[in-house]
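Peer 1: The structure under discussion is supplied below as structure tokens; questions concerning it will follow.
Numbering (my numbering), first residue to last: 64 to 312.
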């Protein structure tokens, strides 16, 4: 795999792309996702795991709200990963993740994921390079096992926001009342480590690419939503699902 160099990739929509037309297309695809998820739930043969990674303020929460707003709550589960608890820390790093992988018929969305264990842990020097290498191998085996043994499809999205846009959004959290609840004093400290985070993200893309990463320009929410909705809709269609007939007695 050719190394992904994030600073060379756009964080905004192509110039000239019609915003309103794109938003209408997104709305249509969201309706498709709702219908396809209902079909997947009924057929009960496939499952979908959506992994969303990105820097602070890249729009992970908003993406989940916007793209999955129409999906039947019975067919989806969202798990937001925070720092490990004391109980989780005494197990292997994938122990807590494995408890929240999708069952057949379901879409599970992970807001952050097991990749934090090879990102923030390396940025702050909490693990050494040998441990990181072993974790890359474990992640690859874990994801391969899910796809091979439970008919799970995994979509991995990195929300690619520019550093300039991130700083603007973090500033908004300190000024706009409706966004103040999101403010975390550590966010600006982590932002100062931007280049280090980019380096380790790029390393994760190289070492964990058996299931490809989708790099999503994230400076504009309407374009970000469109790209993610498009990929999810296309993926669900590729399952070629059918409603089951009457069950035999």
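For every residue, glycine included, the Cβ atom is placed at its ideal position computed from N, Cα and C.
Computed from a predicted structure; not experimentally measured.
Assuming residue 274 contacts residue 179 under a Cβ cut-off of 8 Å, what Cβ separation, rounded to an integer in Å, is found between them?
Peer 2: The pair is not a contact, with the Cβ atoms about 17 Å apart (cut-off 8 Å).
Peer 1: Grouping DSSP H, G and I as helix and E and B as strand, with all else coil, what is residue 156?
Peer 2: Coil, per DSSP.
Peer 1: When burial is assigned at 16 or more other CB atoms within 10 Å of the CB, is residue 137 buried or exposed?
Peer 2: Answer is exposed; the Cβ neighbour count stays below 16.
Peer 1: Going by DSSP, which residues form a beta bridge with residue 140?
Peer 2: Note: residue 140 sits in a beta bridge opposite 171.
Peer 1: Would the beta-carbon of residue 163 fall within 7 Å of that of residue 112?
Peer 2: No; because the gap between Cβ atoms is not below 7 Å, this pair is not in contact.
Peer 1: Give every residue of the same chain whose Cβ lies closer than 7 Å to the Cβ of residue 246, excluding the five residues on either side of it in the sequence, and list them in chain order.
Peer 2: Closer than 7 Å at Cβ, skipping near neighbours: 236 and 237.
Peer 1: Quick check on the DSSP output: the beta strand (DSSP E) that includes residue 113 runs from which residue to which?
Peer 2: Unbroken beta strand (DSSP E) run through residue 113: 110-117.
Peer 1: Taking the continuous beta strand (DSSP E) assigned at residue 46, which residues delimit it?
Peer 2: Nothing about residue 46 can be read from this structure; the chain reaches only from 64 to 312.
Peer 1: Determine the direct distance from the alpha carbon of residue 158 to that of residue 72, and round the result to whole angstroms.
Peer 2: Their backbone Cα atoms lie some 34 Å apart in a straight line.
Peer 1: From what residue to what residue does the beta strand (DSSP E) around residue 276 run?
Peer 2: 276-280 is the extent of the beta strand (DSSP E) around residue 276.
Peer 1: Could you have a look at residue 222 and say whether DSSP puts it in helix, strand or coil?
Peer 2: Of the three classes helix, strand and coil, the one that applies to residue 222 here is strand, per DSSP.
Peer 1: Could you check if residue 103 is buried or exposed, using at least 16 other CB atoms within 10 Å of its CB as the buried criterion?
Peer 2: Per the 10 Å Cβ criterion, buried.
Peer 1: Evaluate residue 267 with the Cβ neighbour count: other Cβ atoms within 10 Å of its Cβ, from every protein chain shown; 16 or more gives buried, anything less gives exposed.
Peer 2: Per the 10 Å Cβ criterion, buried.
Peer 1: Evaluate contact between the stretch 252-266 and the stretch 89-105, counting only Cβ atoms and requiring at least three cross-stretch pairs below 8 Å.
Peer 2: Contact between the stretch 252-266 and the stretch 89-105 is absent, because fewer than three Cβ pairs lie under 8 Å.
Peer 1: Starting from the C-beta of residue 243, find all residues in its chain whose C-beta is less than 8 Å away, skip the five residues before and the five after it, and write them out in chain order.
Peer 2: Cβ neighbours of residue 243 beyond the five flanking positions: 236 and 237.
Peer 1: Give the straight-line distance between the Cα atoms of residue 167 and residue 282, rounded to the nearest whole angstrom.
Peer 2: The alpha-carbon atoms of residue 167 and residue 282 are separated by roughly 34 Å.
Peer 1: Within 8 Å, do at least three Cβ pairs link the stretch 118-126 to the stretch 223-236?
Peer 2: The answer is yes - the stretch 118-126 touches the stretch 223-236, with three or more Cβ pairs under 8 Å.
Peer 1: Going along the chain, which residues of its own chain have a beta-carbon closer than 7 Å to the beta-carbon of residue 186, five neighbours each way excluded?
Peer 2: Around residue 186: 256, 259, 260 and 263.
Peer 1: How would you write the range of the alpha helix (DSSP H) that residue 103 sits in, first residue to last?
Peer 2: Counting along the chain, the alpha helix (DSSP H) containing residue 103 begins and ends at 82-106.
Peer 1: Going by alpha carbons, who is nearest to residue 252 out of 181, 107 and 118?
Peer 2: Taking only the C-alpha atoms, the option nearest residue 252 is 118.
Peer 1: Check whether the Cβ of residue 291 lies closer than 6 Å to any heavy atom of the ligand MN, and answer yes or no.
Peer 2: With respect to the ligand MN, the structure shown offers nothing to examine, as it has no ligands at all.
Peer 1: Within 10 angstroms of the Cβ of residue 109, are there 16 or more other Cβ atoms? Answer buried if so, exposed if not.
Peer 2: Classification of residue 109: buried, given that the 10 Å Cβ count is 16 or more.
Peer 1: Expressed to the nearest angstrom, what Euclidean distance is found between the alpha-carbon atoms of residue 76 and residue 85?
Peer 2: Those two C-alpha atoms are separated by around 10 Å.
Peer 1: Between which two residues does the alpha helix (DSSP H) containing residue 289 stretch?
Peer 2: That run of the alpha helix (DSSP H) goes 284-301.
Peer 1: If I'm right that residue 288 touches residue 129 with Cβ under 8 Å, what's the distance once you round it to whole angstroms?
Peer 2: At roughly 5 Å, the Cβ-Cβ gap stays under 8 Å, so residue 288 and residue 129 are in contact.
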